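Chains as they are written, first to last, in our numbering: chain A, 1 to 316; chain B, 317 to 831.
Where is the CB? At the ideal position from N, CA and C, for every residue including glycine.
Every value quoted in this text rests on a predicted model; they were computed, and no experiment measured them.
Okay, structure first, notes after.
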């Protein structure tokens, strides 16, 4: 029992950044914008929030800075793909390339002189698990109640995002923009503004996901801290069928395999470490392929119909 | 003009709007009074839709003024138009397919709360649908509805927004005669409540039955505005096209040859995996036009796709010219001499972003003299394109103009030119005149007949009963994937065909049926 509980505890910890980023990307993609800049934005969120927490020990400020940086990077993507109507894949990839490189650069320049101006190896303020007395002692379920504040907020964010998307007026507007911007426009919805808004909000959540890695999960800064989680998020969005409520399952899947392989490594298994490190990615991709295949067979509704297409009102 | 309202409800003055290479509206003036139904008549590309898109805030005019109830207004967005009580039912419905009827009705309404009160909305929608007898299932998703039902949702949407001025863009293009009849009742009902309507059309019959006043546009200019009662379809057609239009098309006497297309017990599925064709038996003979009548979405598209190799049959056989081509690849079917004018012009029929010339050679490019098979000869292609442009009177600035900048009629002529040139056996034309004006329609119909007169088989899908009666030697009526009846052309009256199209077997009918 204890083993399961502890694996689940790590699973949630590992999954939090994925859930945040997945929900962010779902909101963005629901507006018809495909943002492949997630990996770069997560890294930028991670490095900037860590730097702030190191110097100020102010976690709120660290999160705000991460969100701000995420918003700025997403705004660049929005400008390129909405206003300039550039190819969204190219624009998103360039955000990732820029974010990855610049985060690495900042990691080598923002640190104190004593550490050769590097951030690697430093300790800043971090989110620590808040253990709910009583509840955390329940076997298995107790794992839910020994997490940090960001994870607790994530519990709230999932149902809220679902409710927002499917039960509120702005949620309906947002979905219509991704499904059929011409119709949304004719019905008086500001398509351009909507795309900007949710690309930016999505970018903020993605950056907060990155901040969770450097402020709680790791904690600290290391080169390529996200380890490709940004790309996993792109896949998890599809796995979630663009539904925030389902984002949890994909994140738990990735986080779970991650937690199990940690356990295995710690127990001194003979399986080479590189295979174990690969397991979460491989497992996630396998499940995704199977799920997508199954969903294609059962002819379920796919993603937003106009995902990735530029919109112009008088276009033919 | 109505006596009861001295001041026009809508005044548009000197509206000009141009798109790259085209002047869509050239100083257009329009007046609409309360309780009036105005028909906007004109050929494709005459600027009717552009003018209405300006009125409903989708396009901005390059110059000109709009007054509503005597007040000068600036309509910068569909929202502004909605506030002024202007609502438009577009030709391509503005409905989000994956959402429900109710969600679509409230879409874009700013005065809905953060969490819309669906109970209240449902109640109000049901009331409206009761009052105007617009029956729809409020919780169905749009993709589950027929085109007629979708139109009702569009009208409900406008009524829900308290629109006083309704703009309908070719409202009956997709309806059965019975549904058109109902629409006409709805419009009359709204007019009696003081609401006004503008509807865009190029069907004379509709102008005569629906409207009080008619305005004719040609090449972006108003050529006439007159009370409907004081004009005739013939006069309107002449005004619209700028010359006399012959409503009759000469045909050689019907003398069919051997069967070119033989379908036996063909079954197929639609994109959603539901049965779209159920045991279709159908023959087309040389020198025969077989018309497929039916409301869109009853398997016509699938029928054409099964023959042309674009869709697999689940059972049954397809023979073309005596050869079994069941589930053959499209190229094999093309090589068997089959030409296809598809339903969806912009998606399947032509590549919008490629030039007219490229689109014209899309079937001939493999062969000499246009290519060696691998290398293309641009000058020969250009000469070939010029020849077709001339022969089919395609109006395009040049052979290199991108097809998406042509009007609907000219896109269709481009496709027809290509297909007819490549046709050696069977021509399949799915709604070839849909959305085309009188002039272009006439040209398309002439081409179909000339193919028949040359001894080819023509399979022709249409919703327009007059057109079917005029062209088809044999009419097969399709409903929900089955052929309801096969009748000799010219023998069936409009009412019988209308009932068959709606799935009702007329009691006095003694024709064979598959259902």
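Contact list for residue 386/B against chain A, beta-carbon separation under 8 Å: Ordered by position in chain A, no residue passes the 8 Å Cβ test against residue 386/B, which lies about 24 Å from the chain.
Buried versus exposed, by CB contacts within 10 Å (16 or more), residue 473/B: buried
Buried or exposed by the 16-neighbour rule on C-beta atoms within 10 Å, applied to residue 430/B: exposed
Coarse secondary structure for residue 632/B, derived from DSSP in three states: strand
Any chain B beta carbon closer than 7 Å to residue 32/A: no
Cα-Cα separation, residue 759/B to residue 558/B: 15 Å
DSSP bridge partner residues for residue 640/B (one or two, in chain order): 635/B
Nearest-angstrom Cα separation, counted from residue 198/A out to residue 88/A: 15 Å
Where the segment 245–277 of chain A meets chain B: residues whose CB sits under 9 Å from a CB there: none
Environment of residue 268/A [buried if 16+ CB atoms lie within 10 Å]: exposed
Cβ of residue 169/A within 7 Å of any chain B Cβ: yes
Whole alpha helix (DSSP H) elements within the segment 469–521 of chain B, 4-residue minimum: 493–508
Distance CB(residue 801/B)-CB(residue 816/B) smaller than 7 Å: yes
Rounded straight-line distance, which links the Cα of residue 343/B to that of residue 819/B: 47 Å
Cβ neighbours of residue 106/A in the same chain (closer than 6 Å, five flanking residues each side left out): 47
Among 451/B, 457/B and 368/B, nearest to residue 393/B - alpha-carbon criterion: 368/B
Contacting residues, own chain, Cβ-Cβ under 6 Å from residue 480/B (five flanking each side not counted): 401 and 511
Inter-residue Cα distance where the pair is residue 376/B and residue 79/A: 23 Å
Other residues of its chain near residue 8/A: CB distance less than 7 Å, five sequence neighbours each side excluded: 140 and 143
Near-chain B residues of the segment 175–191 of chain A - C-beta to any C-beta below 9 Å: 175, 176, 179, 180, 182, 183, 184, 185, 186, 187, 188, 189 and 190
Environment of residue 357/A [buried if 16+ CB atoms lie within 10 Å]: Any answer about residue 357/A is impossible in this case: the structure gives chain A only from 1 up to 316.
Where residue 452/B falls: helix, strand or coil (DSSP): coil
Assigned secondary structure, residue 692/B (DSSP; H/G/I helix, E/B strand, else coil): strand
Any chain B beta carbon closer than 7 Å to residue 172/A: yes
Where residue 313/A meets chain B, residues with beta-carbon distance less than 7 Å: 374
Amino acids of chain A, ordered along the chain, whose beta-carbon sits closer than 8 Å to that of residue 415/B: 172, 175, 176 and 179
Residues, ordered as in the chain, of the segment 402–426 of chain B that lie near chain A by beta-carbon distance below 9 Å: 404, 406, 408, 409, 410, 411, 412, 413, 414, 415, 419, 420, 422, 423, 424, 425 and 426
Nearest to residue 578/B (by Cα), restricted to the options 398/B, 444/B and 633/B: 633/B
Neighbour list for residue 393/B in chain A, Cβ cutoff strictly below 9 Å: 185, 188 and 190
Through-space distance from residue 419/B to residue 791/B, alpha-carbon basis: 40 Å
Cα-Cα separation between residue 126/A and residue 164/A, rounded to whole angstroms: 30 Å
Buried or exposed (CB count within 10 angstroms, at least 16 for buried), residue 618/B: buried
Partner residues on chain A for residue 585/B, Cβ-Cβ distance less than 7 Å: Those do not exist, as residue 585/B stays about 11 Å from chain A at its closest Cβ, beyond 7 Å.
Rounded C-alpha distance that separates residue 753/B from residue 495/B: 22 Å
Listed by chain order, chain A residues near residue 431/B by CB distance under 9 Å: 163, 167, 168 and 169
Rounded C-alpha distance that separates residue 811/B from residue 491/B: 14 Å
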